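Chains G and V are the protein sequences, given in the same order. Take 0 as the starting number for the first sequence in numbering that gives the first Met the number 0 and just add one per residue. Take 0 as the starting number for the second sequence in numbering that gives the first Met the number 0 and just add one per residue. Here a beta-carbon is modelled for each residue, glycine too, at the ideal position from N, C-alpha and C. Given the structure is predicted, the values throughout are model-derived calculations rather than measurements. Before any comments, here is the structure.
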Amino acid sequence: MTISRRDLFKAGFAVGAALSIPSIPRAQTATAAARTARMVKSSDLRVFDPILTATNITADHGAAIYDTLFSLDSKFMPQPQMVSNWSVSNDKKAYTFELREGLGWHDGTPVTAADCVASIRRWGHVHPGGQLIMALASDISERDDKTFTISLKEPLGLLIDLLADLTPPCLFMMREKDANRPATEQVTANIGSGPFKFNEALVKPGASITFDRNEKYVPRKEPSDGLAGGKVVHVDRVIWDVIPDQQTAMAALQAGEVDYFETPPVELYSLVESDPDLGLQVLDKPGWDVVLRMNCLQPPFNNVKARQAMLHLIDQEAFMRVMYADPKYINTVTSIFGKDTPVSNDENTGWYKKGGDPEKARQLFKEAAYAGEKVVILDPTDWREADNASQLLAAALRKIGVNAELAPMDWGGVSTRRAKKDSVENGGWSLFITSESNYSFGNPLATPLLLANGDDAWYGWPKNDEYEALRADWANVSTLQERKELARRMQSIWWDFVGDVRLGKYVSPIAHRKTLTGLIGMPQIVPMWNMQKVTA
Amino acid sequence: MGAYILGRMGSAIVVMVMVGIFVFLLLRLAPGDPAAMIAGRSATEEMIAGIREQLGLNDPLPVQFIQWVRAMLGGDFGTSIFAGRPVLELLSQRLEPTLSLTILTTIVAVTVGVSFGVLAAWQTGGFVDRLLAVFSALGYSVPVFVIGYFLIYFFAIRTHWLPVQGYKPIGSGLGLWFVHLILPTVALGLGFIAFIARVTRASMLEVLSEDYMRTAAAKGASSYAMLVHHALKNAGVPILTVIGISFAYMIGGVVLTETVFNIPGIGRLVVDAINNRDYPIIQSVLVLTSGLYVLINLTVDLAYTLIDPRIRY
Numbered sequence: 000m001t002i003s004r005r006d007l008f009k010a011g012f013a014v015g016a017a018l019s020i021p022s023i024p025r026a027q028t029a030t031a032a033a034r035t036a037r038m039v040k041s042s043d044l045r046v047f048d049p050i051l052t053a054t055n056i057t058a059d060h061g062a063a064i065y066d067t068l069f070s071l072d073s074k075f076m077p078q079p080q081m082v083s084n085w086s087v088s089n090d091k092k093a094y095t096f097e098l099r100e101g102l103g104w105h106d107g108t109p110v111t112a113a114d115c116v117a118s119i120r121r122w123g124h125v126h127p128g129g130q131l132i133m134a135l136a137s138d139i140s141e142r143d144d145k146t147f148t149i150s151l152k153e154p155l156g157l158l159i160d161l162l163a164d165l166t167p168p169c170l171f172m173m174r175e176k177d178a179n180r181p182a183t184e185q186v187t188a189n190i191g192s193g194p195f196k197f198n199e200a201l202v203k204p205g206a207s208i209t210f211d212r213n214e215k216y217v218p219r220k221e222p223s224d225g226l227a228g229g230k231v232v233h234v235d236r237v238i239w240d241v242i243p244d245q246q247t248a249m250a251a252l253q254a255g256e257v258d259y260f261e262t263p264p265v266e267l268y269s270l271v272e273s274d275p276d277l278g279l280q281v282l283d284k285p286g287w288d289v290v291l292r293m294n295c296l297q298p299p300f301n302n303v304k305a306r307q308a309m310l311h312l313i314d315q316e317a318f319m320r321v322m323y324a325d326p327k328y329i330n331t332v333t334s335i336f337g338k339d340t341p342v343s344n345d346e347n348t349g350w351y352k353k354g355g356d357p358e359k360a361r362q363l364f365k366e367a368a369y370a371g372e373k374v375v376i377l378d379p380t381d382w383r384e385a386d387n388a389s390q391l392l393a394a395a396l397r398k399i400g401v402n403a404e405l406a407p408m409d410w411g412g413v414s415t416r417r418a419k420k421d422s423v424e425n426g427g428w429s430l431f432i433t434s435e436s437n438y439s440f441g442n443p444l445a446t447p448l449l450l451a452n453g454d455d456a457w458y459g460w461p462k463n464d465e466y467e468a469l470r471a472d473w474a475n476v477s478t479l480q481e482r483k484e485l486a487r488r489m490q491s492i493w494w495d496f497v498g499d500v501r502l503g504k505y506v507s508p509i510a511h512r513k514t515l516t517g518l519i520g521m522p523q524i525v526p527m528w529n530m531q532k533v534t535a
Numbered sequence: 000m001g002a003y004i005l006g007r008m009g010s011a012i013v014v015m016v017m018v019g020i021f022v023f024l025l026l027r028l029a030p031g032d033p034a035a036m037i038a039g040r041s042a043t044e045e046m047i048a049g050i051r052e053q054l055g056l057n058d059p060l061p062v063q064f065i066q067w068v069r070a071m072l073g074g075d076f077g078t079s080i081f082a083g084r085p086v087l088e089l090l091s092q093r094l095e096p097t098l099s100l101t102i103l104t105t106i107v108a109v110t111v112g113v114s115f116g117v118l119a120a121w122q123t124g125g126f127v128d129r130l131l132a133v134f135s136a137l138g139y140s141v142p143v144f145v146i147g148y149f150l151i152y153f154f155a156i157r158t159h160w161l162p163v164q165g166y167k168p169i170g171s172g173l174g175l176w177f178v179h180l181i182l183p184t185v186a187l188g189l190g191f192i193a194f195i196a197r198v199t200r201a202s203m204l205e206v207l208s209e210d211y212m213r214t215a216a217a218k219g220a221s222s223y224a225m226l227v228h229h230a231l232k233n234a235g236v237p238i239l240t241v242i243g244i245s246f247a248y249m250i251g252g253v254v255l256t257e258t259v260f261n262i263p264g265i266g267r268l269v270v271d272a273i274n275n276r277d278y279p280i281i282q283s284v285l286v287l288t289s290g291l292y293v294l295i296n297l298t299v300d301l302a303y304t305l306i307d308p309r310i311r312y
């Protein structure tokens, strides 16, 4: 029994010939059907209740299946969505809302004012703006099936803005029986009144999530504008495919197996740009600010001079380059209210210097009587960009003589350890990097990152009573001009006591097949109405 | 034989209990908080504390452990902290893709690997043998993801012959199911083909040098009869051991292939669960997997008796 090379070549050709019959597998290869949009989102939808979590993926899910009382238009102005009419009393303390006709839950029952009241109360437990409303409310109740009121102990000029706020957890309307659950207990019914229905039969957690067009949804008559206006759905089905590997997701986009890839890595941008069938598009134009949190309770950052040193040390351009590389999509940010928000300003930003100022930072650490204490940087190795930035931060600190140490861990580890207020010797921390929507920084009542009330503040626990007093005034000012003035005063104080340090700002384009059009660009939420698939 | 099987089944239960205790403690002692993962990056401490309380994560460890064991004994594997669905439901969704991939890969690896190994041993130093040496080096040294990306590029993006990613259940059509498994099977199988072929070759070489093989040749036995009936059967025990190890290894180590080809199997379920600190899923999968390992080993041990009558239990 012998096998010649000729036999082997024959066998090889036979296999090759079999594989080169493309018609069968090609016909069977899954391509996105004409009226089904397939999307690869930034992460897996793990939590289904948009009030329980502040994650954007769940907010996107919420925007698909739930509806909102108000929505922001493309100019970030609140517009009625489920509400048809609303009014406010002369003393500005009583708001009355009337629901529009045709609103119904996916289970076939009508939306009532009682549902909305319960939803507002549940949201009011978790959203900073909602908590403010609940603190000021003397009564929130339904008048009849279609009308409800919010009565306040004192006027709140921002009430409608807060009801429409985009910072998750957003105010989505749920059925009364779902909304009556504690805000810390997950609602898994997935029954809303929004333009999409959750397809329970096809849900595969960790693999794919399917939404079907809600044929009974009655959109508003106004044209779509931002998240406001008519939510008209042009596809029959949207499938979120969970593809954890970015290379594979890109290959699937190239092959036409998916239509949309939310977070292509920066090194693949050129690949997208070189493919005539694909395009990059920035949907979230305000983007995200990268923030360095410092533990204000423990040395060395319990000393304001050490915090000021960090402000001078940071070279924002360098940090953005190691994090997001492409200069088209990165920027610097010096206002605590984000870049180009209505209240962004340049008050007290003299610390900013292109390239940073390590010598000034070294001097300030000296003035802080820094004595070589260990500075522990929580380094989330499963978040590549923050991992890169953490390493650059450690190098920059070591260069000016600071005893910096990286503590590598996954984000799960960071999220636990950042809550520890102890010293680094007892398992605490000194620094960690996070990010927040640039849009959210435009409203200090919406994001916990702009709190400075010590133990009740966000991780790092900065404390400044003067700043907090001004922040409390935010709810009372009614005009944009007044808000701008207040913002300047708040920022002036913030950059003195240094509640945090900004590392820069980035926008992240999505990649899509050019046959997928009509994508709505807004911060925080990627809506799925209005988009359509055109024939190639 | 019956007593042997019962004894091994008993040892499987002991192993599963020990794995259960170890995994439970390891997860609770490792850093990470599912409540914080649920609440999201920008969540407040207050939100996280509320969720932790709701999930019962503030209960003392012994209480949590007893609750878990009691539920497991009652056949309740718990509910995913994140998905809010029974773990068994999630496992049943993920079992088919993983079993499809591992069984298909095992069939391919055994068929090709054993044939390759037998031929290489038969023609020691010949073309097939040298080809096996090169192939083995590649199979061992090139990582699955490199092979995977290469296959995707050539067979999916360039030629559009096969799909890039995904899994179609058998219920959606045998052709569709098979087409989606071709590339993952090749990527995963190459290393195992090399492994099985090398072991088969070595084992066959040993047998082929035995006196009884010369006797068989002297009696005029055909090459086929000598290789398959005399040599392969006697070389079978180590080959079977390697096949068993490979199958067990594949079940646990298939995660990379599942990730590259986006196959929603058990491996990815566990990795996601670990990232999320979804304790009920991790605990259940690891306990069940340990039991499966013991069962695979038992099956291999019993299979020895079929190919070697001298082995008795």
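* Between the beta-carbon of residue 237(G) and the beta-carbon of residue 521(G), is there less than 9 Å? -> no
* Asked: Start and end of the beta strand (DSSP E) containing residue 537(G)?
  -> This structure gives no information on residue 537(G), because the portion of chain G shown stretches from 0 to 535.
* Do the CB positions of residue 439(G) and residue 91(V) come within less than 9 Å of each other? -> no
* To do: Would you give the residue range spanned by the alpha helix (DSSP H) that residue 191(V) belongs to?
  => 173-207
* Asked: Thinking C-beta only, is residue 250(G) closer than 9 Å to residue 163(V)?
  -> yes
* To do: Please name the residue, chosen from 18(V), 24(V), 173(V), 43(V), that lies closest to residue 454(G) on a Cα-to-Cα basis.
  => 43(V)
* Residues near residue 27(V) in its chain [Cβ-Cβ closer than 7 Å; skip 5 each side] -> 60
* If you count every other CB in all the chains shown that lies within 10 Å of the CB of residue 21(V), and 16 or more means buried, which is it? -> exposed
* To do: Thinking residue 523(G) and residue 166(G) are a contact (beta carbons under 8 Å), I'd like their distance in whole angstroms, please.
  => 6 Å
* Nearest candidate by alpha-carbon position, reference residue 220(G), set 480(G), 230(G), 476(G), 136(G) -> 230(G)
* **Residues, ordered as in the chain, of the segment 17-51 of chain V that lie near chain G by beta-carbon distance below 7 Å** => 30, 31, 32, 35, 36, 37, 38, 39, 40, 41, 42, 43, 44, 46, 49, 50
* Asked: Under 8 Å Cβ-Cβ, which residues of chain G neighbour residue 89(V)?
  -> 204, 205
* Interface residues of chain V facing residue 620(G) [CB-CB closer than 8 Å] -> Coverage of chain G is limited to positions 0 through 535, which leaves residue 620(G) absent and any answer about it impossible.
* Among 120(V), 16(V), 79(V), which one has its Cα closest to the Cα of residue 199(V)? -> 120(V)
* To do: Using a Cβ-Cβ cut-off of 9 Å, state whether residue 408(G) counts as contacting chain V.
  => yes
* Asked: Is the segment 184-193 of chain G touching the segment 44-61 of chain G in the sense that three or more CB pairs, one from each, lie closer than 8 Å?
  -> yes
* Asked: Tell me which same chain residues have a C-beta within less than 6 Å of the C-beta of residue 57(G), skipping the five on either side of it?
  -> 46, 49
* Asked: With 16 other CB atoms within 10 Å as the buried threshold, where does residue 283(V) fall?
  -> buried
* Asked: Which residues in chain V sit within 9 Å of residue 510(G), going by Cβ to Cβ distance?
  -> Simply none; closest approach about 15 Å.
* Along chain V, which residues have their Cβ under 8 Å away from the Cβ of residue 51(G)? -> 37, 38, 50
* Taking only the alpha-carbon atoms, compute the straight-line gap between residue 78(G) and residue 119(G) and give it to the nearest angstrom. => 17 Å
* In DSSP terms, what residue 104(G) is bridged to -> According to DSSP, residue 104(G) bridges with nothing at all.
* Contacts that residue 414(G) makes with chain V (C-beta to C-beta distance below 7 Å) -> 32, 35, 36
* Could you pull out every residue in the same chain whose Cβ sits closer than 8 Å to the Cβ of residue 212(V), ignoring the five residues on either side in sequence? => 206, 225, 229, 230
* Looking at the structure shown, is residue 318(V) part of a helix, part of a strand, or coil, going by DSSP? -> There is no way to answer for residue 318(V), as the model of chain V reaches only from 0 to 312.
* Asked: DSSP on residue 19(G), reduced to helix/strand/coil?
  -> Low local confidence applies: a pLDDT of 43 at residue 19(G) is under 50, so the model's placement there is unreliable, with the coordinate-based value given in what follows. Looking at residue 19(G) - three-state DSSP - the assignment turns out to be coil, as it is neither helix nor strand.
* Asked: Since residue 329(G) contacts residue 361(G) with CB under 8 Å, what's their CB separation in whole angstroms?
  -> Not really, about 27 Å apart at Cβ, beyond 8 Å.
* Asked: Which word fits residue 65(G), buried or exposed, when buried means at least 16 other C-beta atoms lie within 10 angstroms of its C-beta?
  -> buried
* Short CB-CB distance (under 9 Å) between residue 404(G) and chain V -> no
* **Cβ-based neighbour list, residue 473(G), same chain, cut-off 6 Å, excluding 5 preceding and 5 following** => 443, 444
* **Environment of residue 153(V) [buried if 16+ CB atoms lie within 10 Å]** => exposed
* With burial defined as no fewer than 16 other Cβ atoms inside 10 Å of the residue's Cβ, what is the status of residue 587(G): buried or exposed? -> In the structure as shown, chain G begins at 0 and stops at 535. Residue 587(G) is therefore absent and cannot be evaluated.
* By the criterion of Cβ-Cβ separation under 7 Å, what are the contact partners of residue 128(V) in chain G? -> By Cβ distance, chain G contributes nothing, its closest Cβ being about 11 Å from residue 128(V), past 7 Å.
* To do: At 9 Å on the CB atoms, spell out the chain G contacts of residue 259(V), in chain order.
  => 244, 246, 247
* **Rounded separation between residue 495(G) and residue 207(G) - CA only** => 48 Å
* To do: Output the boundary residues of the alpha helix (DSSP H) element that contains residue 128(G).
  => 127-135
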